[in-house]
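Enquirer: Numbering (UniProt numbering), first residue to last: 1 to 118. Pasting in a structure now, in structure tokens, and then I'll have a few things to ask.
Shown next as structure tokens:
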């Protein structure tokens, strides 16, 4: 586990999930942006990592996925609903014409019929 300057372990996920460098067909390493990864650049990155990171400058990664719709955060409930062709076509048309997602429209209709969120 990586450590910061004072020896404390980094507990928040700050490391990349995707490769940050790759080796090209000719065997030369490149950064994920495509810049050549020279021995000097490698040495500088290694020195930076070995010196540790200041927790004040680390930015935690956002949780993957869409934002929660639930009041307290966490995972939003998901439901599947079967509809006939007519309802499906109406929902798709209204969503397309209004530039909104079908799920937004369904939530709006349910709130209009049964009241706003508590």
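Beta carbons are placed, not taken as given, at the ideal position from N, Cα and C, and that holds for glycine.
Please state whether DSSP places residue 1 in a helix, a strand or coil.
Expert: The residue you call residue 1 lines up with position 1 of the chain shown. Interpretation of residue 1 is limited by its pLDDT of 47, a score under 50 that renders its predicted location unreliable; the figure taken from the coordinates is listed afterwards. Residue state, collapsed to three classes: coil.
Enquirer: Which residues in the same chain have their Cβ closer than 8 Å to the Cβ of residue 42, if we skip the five residues on either side of it in sequence?
Expert: On the chain shown, residue 42 is found 42 positions in, with the first residue counted as 1. Excluding sequence neighbours, residue 42 sits near 29.
Enquirer: Grab the span of the beta strand (DSSP E) containing residue 29 for me, first residue to last.
Expert: Locating residue 29 in the chain shown gives position 29, where the first residue counts as 1. First-last of the beta strand (DSSP E) with residue 29: 29–31.
Enquirer: Figure out for me which residue from 86, 115, 76, 85 has the closest Cα to the Cα of residue 103.
Expert: As a first step, residue 103 must be located in the chain shown, where it is residue number 103. Considering only alpha carbons, the answer is 76.
Enquirer: Where does the unbroken alpha helix (DSSP H) through residue 85 begin, and where does it stop?
Expert: Start at 1 with the first residue of the chain shown, and residue 85 comes out as number 85. Element bounds for residue 85: 85–98.
Enquirer: Could you round the C-beta distance between residue 105 and residue 95 to whole angstroms and report it? I think they count as a contact, below 8 Å.
Expert: For the purposes of this step, residue 105 is taken as the residue at position 105 of the chain shown. For the purposes of this step, residue 95 is taken as the residue at position 95 of the chain shown. The pair is a contact, with the Cβ atoms about 6 Å apart (cut-off 8 Å).
Enquirer: Following the continuous alpha helix (DSSP H) through residue 47, name the residue where it begins and the one where it ends.
Expert: Within the chain shown, numbered from 1, the residue matching residue 47 stands at position 47. Residue 47 -> alpha helix (DSSP H) spans 39–51.
Enquirer: Can you list, in chain order, the residues of its chain with a C-beta nearer than 7 Å to that of residue 37? Leave out the 5 residues immediately preceding and following it.
Expert: As a working note, residue 37 is residue 37 in the chain shown. Answer for residue 37: 21, 29, 30, 31, listed in chain order.
Enquirer: Determine the direct distance from the alpha carbon of residue 49 to that of residue 56, and round the result to whole angstroms.
Expert: Here residue 56 refers to the residue found at position 56 when the chain shown is read from its first residue. Here residue 49 refers to the residue found at position 49 when the chain shown is read from its first residue. In a straight line, the C-alpha of residue 56 is about 15 Å away from that of residue 49.
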